[in-house]
Amino acid sequence: MNVVVLLGAPGSGKGTQAPILAERLGLPHVATGDLFRAAVRDGSPVGLEARRFMERGQLVPDDITIAMLLKRLTQDDAIDGAILDGFPRNQAQAEALDLALAERGGRVRRAVSIDVPADDLLRRMSGRWVCQDSGHVYNEHSNPPKVPGRCDIDGSPLIQREDDKAETVRARLTLTLGSLREVADHYRGRGVLLSVDGNQPIEAVTRDLMTALEAADAPAEAG
Ligand SMILES: [Zn+2]
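The sequence shown: position 119 = 832 (my numbering), numbered continuously.
The following block contains the structure:
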């Protein structure tokens, strides 16, 4: 079973690359966020349990997340493997996943990290402004309004949510990068980590991801 873990911070382009890779590799894209929503919808016992935590605004415990992941991996389209997106998020989860897969004779074959320097991530993630009246969204870097501080469409003032303020974004990014590093180190220690430069156009990142995965697969197939 070819389980690939995709790693990247918000703003790294991971969300764009995951479905492209899934198609190229012929593996399902398994995003934990989608799994939670699906499990809640289908009303399965594990989904109901997950919902109890989500409704209280709490993180879904690892054992429940892993149970959902493993269940997803038993579906027909995942018989050859899957691309995991959004899990594991820390070393404990990575170890728990290793254990759970090993019990089923599987393992994480590759972890691919889409690397983007922290300053670039910060720029990509920050600068979001919304208009006060209708919530039209702008970005001061990539999609600025014609008149600073005013909505192009209705002229109402642009405001920045607490979540989008530079300090908040930076603090959140620092935490995320710390966890990502932990997970990357885990897979590096197991000799399955690959890294690609995420600071390139989308097609170039896809090409590098495919090249890395194919190159890594060659000796593994032989051995
Ligand atoms: Zn507006």
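The beta carbon of each residue, even a glycine, is placed where N, CA and C say it ideally should be.
Same chain only: Cβ atoms within 6 Å of residue i, ignoring 5 sequence neighbours per side
| i | result |
| --- | --- |
| P732 | H742 |
| G760 | A752 and V753 |
| M714 | G794 and G819 |
| V843 | V850 |
| D755 | none |
Sub-7 Å separation of residue i and residue j beta-carbons
| i | j | result |
| --- | --- | --- |
| G911 | G728 | no |
| R841 | N852 | yes |
| V718 | R822 | no |
| A752 | I779 | no |
| L720 | A824 | yes |
| A722 | L812 | no |
Neighbourhood of residue i by C-beta, 7 Å cutoff - its chain only, sequence neighbours within 5 removed
| i | result |
| --- | --- |
| G799 | A744, T745 and G746 |
| I915 | G726 and T729 |
C-alpha gap between residue i and residue j, whole angstroms
| i | j | result |
| --- | --- | --- |
| G938 | L871 | Any answer about residue 938 is impossible in this case: the structure gives the chain only from 714 up to 936. |
| S826 | A897 | 7 Å |
| S839 | T889 | 15 Å |
| S783 | D865 | Here residue 783 is Leu; the residue named in the question, Ser, does not match the sequence. Each residue's alpha carbon lies about 48 Å from the other. |
| G848 | L814 | 44 Å |
| A933 | D877 | With a pLDDT of 48 at A933, under the threshold of 50, the modelled position of that residue is not reliable, and the figure given next carries that caveat. Each residue's alpha carbon lies about 43 Å from the other. |
| A935 | L906 | A caution first: A935 carries a pLDDT of 42, below 50, which makes its placement in the model too unreliable to give a value. |
| M781 | S757 | 10 Å |
| G724 | D832 | 11 Å |
| V860 | R874 | 19 Å |
| P830 | V773 | 29 Å |
| Q806 | A791 | 21 Å |
| I777 | D846 | 40 Å |
| R750 | I796 | 18 Å |
| E816 | R885 | 35 Å |
| M767 | R903 | 33 Å |
| G868 | R883 | 29 Å |
Neighbourhood of residue i by C-beta distance below 8 Å, restricted to the same chain and skipping five residues each side
| i | result |
| --- | --- |
| T919 | Q730, I733, L734 and R737 |
| V909 | V825, S826, I827, D828, V918, D921, L922 and A925 |
| S892 | R802 and N803 |
As an exercise, report each continuous beta strand (DSSP E) stretch of at least 3 residues that is fully enclosed by the segment 894-934, in chain order.
Along the segment 894-934, the beta strand (DSSP E) occurs as fully enclosed runs of 3 or more residues at 906-910, listed in sequence order.
In chain order, which alpha helix (DSSP H) runs of at least 4 residues are fully inside the segment 788-867?
The qualifying runs are 804-816 and 831-838.
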